[in-house]
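Participant: Going by our numbering, the residue at position 44 of the sequence shown is 44; the numbering climbs one at a time, nothing skipped. Just so you know, even glycine gets a beta-carbon here, dropped at the ideal spot from N, CA and C.
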Amino acid sequence: MLVFYINTRFTYSRRYIQRLPLRVILAVAMVLTGYVLTYIITRLLFVNEFCSLGELNHIQRNVILWSVFMVAVSLTYFFATDWYQTEIQRKQLESLQVRTELNFLKSQINPHFLFNTLNNLFAIAQQSQAEELANGIARLADMMRYMIYECNAERVPLEKEVDYLRNFIALTQWRYTEQEVQVDWHIPTSLSGQMIAPMLLIPFIENAFKYGVQIGMQSTIRIALERTTDRIRFTCQNPVFPTTASLTENQGIGLENVKRRLSLLYPGKHELEIRQDEQFYSVTLLLFQS
Numbered sequence: 001m002l003v004f005y006i007n008t009r010f011t012y013s014r015r016y017i018q019r020l021p022l023r024v025i026l027a028v029a030m031v032l033t034g035y036v037l038t039y040i041i042t043r044l045l046f047v048n049e050f051c052s053l054g055e056l057n058h059i060q061r062n063v064i065l066w067s068v069f070m071v072a073v074s075l076t077y078f079f080a081t082d083w084y085q086t087e088i089q090r091k092q093l094e095s096l097q098v099r100t101e102l103n104f105l106k107s108q109i110n111p112h113f114l115f116n117t118l119n120n121l122f123a124i125a126q127q128s129q130a131e132e133l134a135n136g137i138a139r140l141a142d143m144m145r146y147m148i149y150e151c152n153a154e155r156v157p158l159e160k161e162v163d164y165l166r167n168f169i170a171l172t173q174w175r176y177t178e179q180e181v182q183v184d185w186h187i188p189t190s191l192s193g194q195m196i197a198p199m200l201l202i203p204f205i206e207n208a209f210k211y212g213v214q215i216g217m218q219s220t221i222r223i224a225l226e227r228t229t230d231r232i233r234f235t236c237q238n239p240v241f242p243t244t245a246s247l248t249e250n251q252g253i254g255l256e257n258v259k260r261r262l263s264l265l266y267p268g269k270h271e272l273e274i275r276q277d278e279q280f281y282s283v284t285l286l287l288f289q290s
């Protein structure tokens, strides 16, 4: 029973060991270690005193067979529970996607009308030589196009998600003066080949502007994105003001939805760390691709 408990609790646990070959190697090592310990103990303590050498060999064979049996049972138990948990997560994800699509369809306005209207406003702004307004309308059109036509996929190219973040930041900065908010933005020049779940990072930036910027005060929001072949690391930091300190302790449904989506879309393949002190509120998100 001890072998069964150790295998199911630690050796086969996703939390401790991620790769199946390593789990099997550890299980075999446990069986061999148990056999060696049994061999040493029986040879040193019991031979020629309580039973014969033949009886000891029989005991040792029973021990190794029992250990192998318990490893096999624990392996079967692991795969059964892992399949069950995966199936539950799959059904939860399907249910979430269906609800999201239904809610989207309920609130959706004819996108062609919206884009035609934005194109007309863009043309009017250019004719009036209002370049800043025209640029803002173009950014808004790009954001809407991304949300309506591309966010239904399970994964989108990372560069398109970053383009959406850039447009959001540019439009949001219009609400403030240059002295009130500065964005320290560090993004790799090349993001091709990397995929990410859509709209996963935007809630962190929305909250940074919502709780980290105050009219008449100077703020700096720091955003960084790092990527390797098998990992994406995103960080976002904003200042904390006395009037918003209590609000940042509970940043609403947005972050809860992100945590829920992470558990469904990146099960066992993400790390989310949120920290807050008297000066700063920071978020660090790691997404493992393999």
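Apply the 10 Å Cβ neighbour rule to N152 and answer buried if 16 or more other Cβ atoms are within range, or exposed otherwise.
Facilitator: Numbered from 1 along the sequence shown, position 152 holds the residue referred to as residue 152. Classification for N152: exposed.
Participant: What do you get for R260, buried or exposed, if any count of 16 or more other CB atoms within 10 angstroms of its CB means buried?
Facilitator: By one-based count along the sequence shown, residue 260 stands at place 260. Flag for R260 reads exposed.
Participant: For G216, collect the residues of the same chain with a Cβ closer than 8 angstroms to its Cβ; drop the 5 residues on either side in sequence, then sort them by chain order.
Facilitator: For the purposes of this step, residue 216 is taken as the residue at position 216 of the sequence shown. So the list reads E180, once near-sequence residues are dropped.
Participant: So, at 7 angstroms on beta carbons, what are the nonlocal neighbours of T146 in its own chain, with the 5 sequence-adjacent residues on each side left out?
Facilitator: Position 146 of the sequence shown, counted from the first residue, corresponds to residue 146. In the sequence on display, residue 146 carries Tyr and not Thr. So the qualifying residues of the chain are K160, Y164.
Participant: When the Cα atoms are used, what is the spatial distance from A80 to V73?
Facilitator: Sequence index remark: in the sequence shown, residue 80 carries index 80 (1-based). Sequence index remark: in the sequence shown, residue 73 carries index 73 (1-based). Whole-angstrom Cα-Cα distance: 11 angstroms.
Participant: Cutting at 7 angstroms between CB atoms, please list the residues of its own chain near G136, excluding the five before and the five after it.
Facilitator: The residue labelled residue 136 in the question sits at position 136 within the sequence shown. So the list reads L171, W174, once near-sequence residues are dropped.
Participant: Excluding five sequence neighbours on each side, which residues of the same chain lie with their C-beta closer than 6 angstroms to the C-beta of Q194?
Facilitator: Taking the sequence shown and counting its residues from 1, one reaches residue 194 at position 194. Closer than 6 angstroms at Cβ, skipping near neighbours: L158, R227.
Participant: L204 to L65, Cα distance in whole Å?
Facilitator: Here residue 204 refers to the residue found at position 204 of the sequence shown. Here residue 65 refers to the residue found at position 65 of the sequence shown. Just to set this straight, residue 204 is Phe in the shown sequence, not Leu. Their backbone Cα atoms lie some 54 angstroms apart in a straight line.
Participant: Apart from the five residues on each side of it in sequence, which residues of its chain come closer than 7 angstroms, Cβ to Cβ, to L264?
Facilitator: Taking the sequence shown and counting its residues from 1, one reaches residue 264 at position 264. Closer than 7 angstroms at Cβ, skipping near neighbours: Q89, Q92, L93, L96.
Participant: Use the C-beta contact count for Y84: other C-beta atoms within 10 angstroms, 16 or more gives buried, fewer gives exposed.
Facilitator: Taking the first residue of the sequence shown as position 1, residue 84 is located at position 84. Y84 comes out exposed.
Participant: First and last residue of the beta strand (DSSP E) that includes P203?
Facilitator: The residue given as residue 203 occupies position 203 in the sequence shown. No beta strand (DSSP E) contains P203, which is instead part of the alpha helix (DSSP H) from 202-212.
Participant: Quick check on R139: buried or exposed, where buried means 16 or more other Cβ atoms within 10 Å of its Cβ?
Facilitator: Locating residue 139 in the sequence shown gives position 139, where the first residue counts as 1. Looking at its Cβ environment, which holds 16 or more other Cβ atoms inside 10 Å, R139 is buried.
Participant: Tell me the DSSP secondary structure of I109 in three-state form.
Facilitator: On the sequence shown, position 109 is the one that residue 109 refers to. The predicted position of I109 is uncertain, since its pLDDT is 49 and thus under 50; a value taken from the coordinates is nonetheless stated next. Coil, per DSSP.
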